[in-house]
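Heads up: the structure comes next, in C-alpha cells.
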Amino acid sequence: MTFDDRMTSLPERETWNEERVTPAKVWLPLPVVLPCRMKVRQYIDGRVHSGELLDEARKLYNAMSFKVLRDGWGFNTFITVTAKYLGLTSHAEFAALIPVMNKAVAGWLKARPKRSARFRMTEEANHSYIFVLERSGYTHGLHVHLLCSIPAALRKEFRAFLVDWWEEQAGLAVPTNAVDVQYSDSWGRPEHYSNQAWKFRYMVKTVREDAYAFDNEGRKRLAVEFMKPWLPHGERPDILPVRTRQVYGISRDLDRKARQKWGEEVGWTFVSKFDQRRLDELYSGSEVAAWHARVIDEPDWWQLY
Numbered sequence: 054m055t056f057d058d059r060m061t062s063l064p065e066r067e068t069w070n071e072e073r074v075t076p077a078k079v080w081l082p083l084p085v086v087l088p089c090r091m092k093v094r095q096y097i098d099g100r101v102h103s104g105e106l107l108d109e110a111r112k113l114y115n116a117m118s119f120k121v122l123r124d125g126w127g128f129n130t131f132i133t134v135t136a137k138y139l140g141l142t143s144h145a146e147f148a149a150l151i152p153v154m155n156k157a158v159a160g161w162l163k164a165r166p167k168r169s170a171r172f173r174m175t176e177e178a179n180h181s182y183i184f185v186l187e188r189s190g191y192t193h194g195l196h197v198h199l200l201c202s203i204p205a206a207l208r209k210e211f212r213a214f215l216v217d218w219w220e221e222q223a224g225l226a227v228p229t230n231a232v233d234v235q236y237s238d239s240w241g242r243p244e245h246y247s248n249q250a251w252k253f254r255y256m257v258k259t260v261r262e263d264a265y266a267f268d269n270e271g272r273k274r275l276a277v278e279f280m281k282p283w284l285p286h287g288e289r290p291d292i293l294p295v296r297t298r299q300v301y302g303i304s305r306d307l308d309r310k311a312r313q314k315w316g317e318e319v320g321w322t323f324v325s326k327f328d329q330r331r332l333d334e335l336y337s338g339s340e341v342a343a344w345h346a347r348v349i350d351e352p353d354w355w356q357l358y
C-alpha cells in the first residue's frame, strides 16, 4: 500500500532546565564516546527505514491526543538518549535497549513509595509513552526522543535513576550529553497542553515533506503544514536511514486496542481530530476541556473534543 493510500483512506476509523542531577559517585575524565558492555544480537532487519515519518506521525498524534482526553494530563517529561555518546554503533543494539529501558522505568515508578498525596499514584505510576528514533548525519547521529509522564515529586530521583540505568549498559559514567531529561507541567490546563504540543512537534520534525492528507473539506494538505513540525530556523534536519525494525513506539495503554476498550467503558468511541480530518485543530487543546466536562459528568462531554 502506498503512502498516499495510507494517509487518505482513513484506516483508523481508521484514518491519519531544570538543574541537572547526577548520581552520587566518583566522576572520572570521560571520553566523548564510551564502549557499551551490553551486547544485543547484531542483526540488521531486512527493512531499512528512510528515517522519515509517514503514517507513524498520525499514530503518534492519536496516542498523545488520547492520553490527554483520558487522563486530563499529557506527557510532562521529554527524554533524549544519544547512541554514540554511549558507545553504541549498532542501530539494532540501541533500538533493542529502548523497550528494556521502558520496562525498567515502569518498574521503577511502580516501586516508588506512596508517600505523596499530591498526585494519584496508581494512575501517575503507569508508564505511558511514545518515542521516535531519529538519525542525523552531521550532529548527534542515532538518538531517541521519548515523551512520558513522571510525577513532579519524583523528578530529581528519576533523572538520577535514568542516568544510572544507562551507565549500567555502558559500564562507565556517561557524558552529560548522552541522556537529557527535560520537564514541563501537564496537569489539566490549556497552557500545559501547549508545552506538550511543542515537544511533540519537535519529535515529528522528520515527517516527510511530500506527505499529505485530505481535510474535511476535501482539500489536499501537506503534513508539514498541519502537523507543524518544529524546525530550527525553518530548516529540516539531515535525515539518514535507520536500520532497525521500526522507528517509533507507543505504550500498550495508548494503542488502538486500549482506545477501543476505553471507549466501551465510557460509551463513546474515540476518533482523533486527525482521523476526523479536522487538521487545523490538532493542537487546539480541546482534549483538556472535554476531560474536564467528563470528570464533572457533563452530558455530551465528547462534543467539546
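Here this note's numbering is used: the first residue of the sequence shown is 54, the next is one more, and so on.
Glycine residues also receive a C-beta, built at the ideal position from the N, C-alpha and C atoms.
query                                                                                                                                  : result
Beta-carbon proximity of phenylalanine 147 to leucine 200, cut-off 8 Å                                                                 : no
Three-state class that DSSP yields for isoleucine 132 in the structure shown                                                           : strand
CA nearest to the CA of phenylalanine 323, picked from Arg111, Leu122, Val101 and Phe131                                               : Leu122
Extent of the continuous alpha helix (DSSP H) to which lysine 163 belongs                                                              : 144 to 163
Lysine 112 classed as buried or exposed, judged by whether at least 16 other C-beta atoms fall within 10 angstroms                     : buried
Residues near histidine 193 in its chain [Cβ-Cβ closer than 6 Å; skip 5 each side]                                                     : Thr135
Straight-line gap, methionine 280 to serine 247 (C-alpha atoms, nearest Å)                                                             : 14 Å
Glycine 51 in three-state terms, based on DSSP                                                                                         : In the structure as shown, the chain begins at 54 and stops at 358. Residue 51 is therefore absent and cannot be evaluated.
Alpha-carbon spacing of tryptophan 344 relative to alanine 226, whole angstroms                                                        : 43 Å
At least 3 beta-carbon pairs within less than 8 Å: the region 115 to 130 vs the region 268 to 279                                      : no
CA-to-CA distance, lysine 314 to phenylalanine 327, given in whole angstroms                                                           : 20 Å
Contacts around glycine 302, its chain only, beta-carbon distance under 6 Å, and the 5 residues preceding and following it disregarded : Phe184
Buried or exposed (CB count within 10 angstroms, at least 16 for buried), lysine 360                                                   : Shown here, the chain extends from 54 to 358; a query on residue 360 therefore has no answer.
8 Å Cβ cutoff met for asparagine 179 and aspartate 308                                                                                 : no
Residues near aspartate 268 by beta carbon distance below 7 Å, same chain, minus five either side                                      : Arg274, Arg330 and Leu332
Limits of the alpha helix (DSSP H) - the one that arginine 208 falls within                                                            : 208 to 223
Minimum C-alpha distance to phenylalanine 253 - residue among Tyr265, Val234 and Pro282                                                : Pro282
Contact under 8 Å by Cβ, alanine 231 with tyrosine 138                                                                                 : yes
Glycine 140 in three-state terms, based on DSSP                                                                                        : coil
Coil, strand or helix - valine 300 by DSSP                                                                                             : coil
Limits of the alpha helix (DSSP H) - the one that phenylalanine 279 falls within                                                       : 276 to 279
Alpha-carbon to alpha-carbon, arginine 208 and phenylalanine 119                                                                       : 24 Å
One or two residues paired with phenylalanine 184 in a DSSP bridge                                                                     : Leu199 and Gly302
Collapsed DSSP secondary structure at alanine 266 in the structure displayed                                                           : strand
Min CB distance lysine 326 to chain B below 8 Å                                                                                        : As a matter of chain content, chain B is missing from the structure shown, which is built from one protein chain.
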